[in-house]
Amino acid sequence: MSARQCVRRFPAVWDENQPLPCPCGLCLRAFDEHLLTKHHMLPKSRGGTTEHVAFLCSQCHGMVHATFTNRTLAAEYTSLEQLRNAPELAGFIKWVRKLPAGRRKKNHPRRRKR
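For the sequence shown, the working numbering assigns the number -8 to the initial residue and increments by one for each residue that follows.
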């Protein structure tokens, strides 16, 4: 994600010395660009390329992979909109949006949807 994309999403004036905040693709909380991780919407093991990448905070990224297998992600959740609407993640997304961006909690293992 480039700095220009962050500016479009957060049009407020920022200090030049401060990194621009970028939104997590799932929870939409603002993070410094370097804190977001790349999530392959179509897993590389299922034929995904660099075109199929979304930027997620580490907590959301961890929860996606704790909840779904790569097979399920490739078959049912190939877009951010589909992930945001996934009933298995609804409670997590509602909860995590209330947290400040700097807060990190460990995601507990979940029964994965196959």
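Note that beta-carbon positions come from the ideal geometry of N, C-alpha and C, so glycine has one too.
Would you say the segment 62 to 80 touches the segment 26 to 42, given that touching needs at least three Cβ pairs under 8 Å?
A contact is defined here as three or more CB-CB pairs under 8 Å, and the segment 62 to 80 meets this definition with respect to the segment 26 to 42.
So what does DSSP say about C18, is it helix, strand or coil?
The count along the sequence shown starts at 1 and reaches residue 18 at position 27. C18 falls in the coil class under three-state DSSP.
Is it buried or exposed, Q73, if we count other Cβ atoms within 10 angstroms and call 16 or more buried?
Here residue 73 is taken as the residue at index 82 of the sequence shown, counted from 1. Exposed, by the Cβ-count rule.
Looking at the unbroken beta strand (DSSP E) that takes in K85, where does it start and where does it end?
Residue mapping note: residue 85 aligns to position 94 of the sequence shown, counting from 1. Here K85 belongs to no beta strand (DSSP E); instead the alpha helix (DSSP H) covers P78 to V87.
Look up A92 in the DSSP assignment and say whether it is helix, strand or coil.
In the sequence shown, residue 92 corresponds to position 101, counting from 1. A92 falls in the coil class under three-state DSSP.
Figure out for me which residue from C13, D23 and M32 has the closest Cα to the Cα of H56.
The sequence position of residue 56 within the sequence shown is 65, counting from 1. Of the candidates C13, D23 and M32, the one whose C-alpha sits nearest the C-alpha of H56 is M32.
Cut-off 6 Å between Cβ atoms - residues of its own chain near H52, not counting five sequence neighbours on either side
If you number the sequence shown from 1, residue 52 lands on position 61. Within the same chain, H52 has close Cβ partners T28 and H30.
Roughly how many angstroms separate the alpha carbons of P12 and A21, rounded to a whole number?
Working through the sequence shown from its first residue, we reach residue 12 at position 21. Working through the sequence shown from its first residue, we reach residue 21 at position 30. Distance between the alpha carbons of P12 and A21 is about 5 Å.
Same chain, Cβ closer than 8 Å to L19, five either side skipped, listed in chain order:
Numbered from 1 along the sequence shown, position 28 holds the residue referred to as residue 19. A distance below 8 Å between beta-carbons, with the five flanking residues on each side excluded, links L19 to the following residues of its chain, in chain order: R88.
On the three-state DSSP scale, how would you describe T60?
Looking up residue 60 in the sequence shown gives position 69. Residue state, collapsed to three classes: coil.
Where G28 sits in the DSSP three-state scheme
As a working note, residue 28 is residue 37 in the sequence shown. The residue you asked about is not Gly; residue 28 is Thr in the sequence shown. Reduced to three states, the DSSP call for T28 is strand.
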